[in-house]
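Numbering (the working numbering), first residue to last: 184 to 637. This report concerns only the one structure given below.
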């Protein structure tokens, strides 16, 4: 089944109502999907086939291109919705500048049906100052209660409601009703609208919070335009919890504009709360760009857990590579934790003063805990696979000792056990299928390991 509520209005179901907002590419994509030519199939994961024309959430990131929406059912709209200062408000604190009623669609083909109570509620919201987009005029009630007077009431109220010309909103923004996009992302490499950037916006008294996430597996530099002005933007790192005021931003056309760097699948919170009269800040960069001091070379001494099938003796890695590429018994299909040991000299000639020092692991499959000189420096599980080691360095105890514990997934062990007699297997699974043809996954510390500083 689909991992979405059955009664929710999904983005692709808004194509007929808001084609201009979703854009020509989304409209064409939905048209191709519904055509379902030759009933195409796709295989994901291996051995599992399903319709290639199922809705793919990856294709609907920032579906409304700078706007966000929630679904609301008739009961909540009738009981809870009120208008204040032109916004539809709910008791929980959520408020909205616009209410859109979707047109008829395959899952709900009777958009002209509406109870007199709901039609009256819409009329009341409009009279109180709310903006409502209605693609079809209500004609009758879905209920026989008080029939035929119920249909007459719906038709009478329907004549008082403004209906979209042609049944669809064709413009690419809601600027004409005073609602510009809340969020715009521009790729600084080509100055085009950035794709694959997910975001959400929450507001509290005196504070606005944007959570922005790069959905692509590559490092990107993006300029974001936020529909908030008059407050200093602060950058909050979801991984470390560190926060600081942004060093580079400006106010333009009533928006806060600032450049941000995202690691592969990386994210950041932008919090705006401190009032300011400034219209720009050019005090530096919004991200750290440390320089490389040295690479930590091999050999690496690596110990494995024998209870997980690892070798009894330490294995020497002259260069860092995936366990799945090794020939030693117990390493190729190993799943579990292995510990890497190495050392480096400090201080390193840096050509200037060093304030902070990092150990950059390059790439890791899948999780690593780093210790320097016996001091725990933290866990890394996603890009940039980097920990700060400034306070762990001890120039008086050279060389500096590195200990890195790396843990991978169960995949390689399951694949390896499939070729062993049952009594020799380490793992047990209720789904021992399609393992023979599965490729081994990368595992271990892949590097390169570097010393960085600023």
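Ideal Cβ placement from N, Cα and C applies to all residues, glycine included.
Check	Outcome
For the segment 284 to 301 and the segment 236 to 248, state whether three or more C-beta atom pairs, one from each stretch, are separated by less than 8 Å.	no
Could you tell me the alpha carbon to alpha carbon distance between residue 384 and residue 410, rounded to whole angstroms?	10 Å
Is it right to say residue 502 is buried, meaning 16 or more other beta carbons lie within 10 angstroms of its own, or is it exposed?	exposed
Indicate whether the contact test is met: 3 or more Cβ pairs, each with one atom in the segment 544 to 559 and one in the segment 576 to 593, closer than 8 Å.	yes
Beta strand (DSSP E) containing residue 558: first to last residue?	558 to 563
Work out the CA separation of residue 263 and residue 387 for me, nearest whole Å.	20 Å
Give the DSSP-derived three-state secondary structure of residue 610 in the structure shown.	coil
Skipping 5 residues on each side, what residues in its chain have a beta carbon closer than 7 Å to that of residue 177?	This structure leaves residue 177 out entirely; the chain is present only between 184 and 637.
Determine the extent of the alpha helix (DSSP H) in which residue 214 is found, giving its start and end residues.	207 to 218
If residue 590 and residue 550 are in contact, beta carbons under 8 Å, what's the gap, nearest whole angstrom?	5 Å
Looking at the unbroken alpha helix (DSSP H) that takes in residue 465, where does it start and where does it end?	Taken as a continuous stretch (DSSP letters only), residue 465 belongs to no alpha helix (DSSP H), being part of the beta strand (DSSP E) at 463 to 465.
Would the segment 367 to 385 count as touching the segment 344 to 353 if we require 3 or more Cβ pairs under 8 Å?	no
Helix or strand or just coil, what does DSSP make of residue 552?	strand
Do residue 331 and residue 249 have their C-beta atoms closer together than 7 Å?	no
Helix, strand or coil for residue 627, going by three-state DSSP, please let me know.	strand
Would you call the segment 482 to 497 and the segment 444 to 454 touching, i.e. three or more CB-CB distances under 8 Å?	no
Assuming residue 593 contacts residue 572 under a Cβ cut-off of 8 Å, what Cβ separation, rounded to an integer in Å, is found between them?	Residue 593 to residue 572, Cβ: 30 Å. No contact.
How is the beta strand (DSSP E) around residue 569 delimited, first residue to last?	569 to 571
Work out the CA separation of residue 418 and residue 568 for me, nearest whole Å.	20 Å
Mapping DSSP to helix, strand and coil, what is residue 306?	helix
With DSSP as the reference, label residue 458 as helix, strand or coil.	strand
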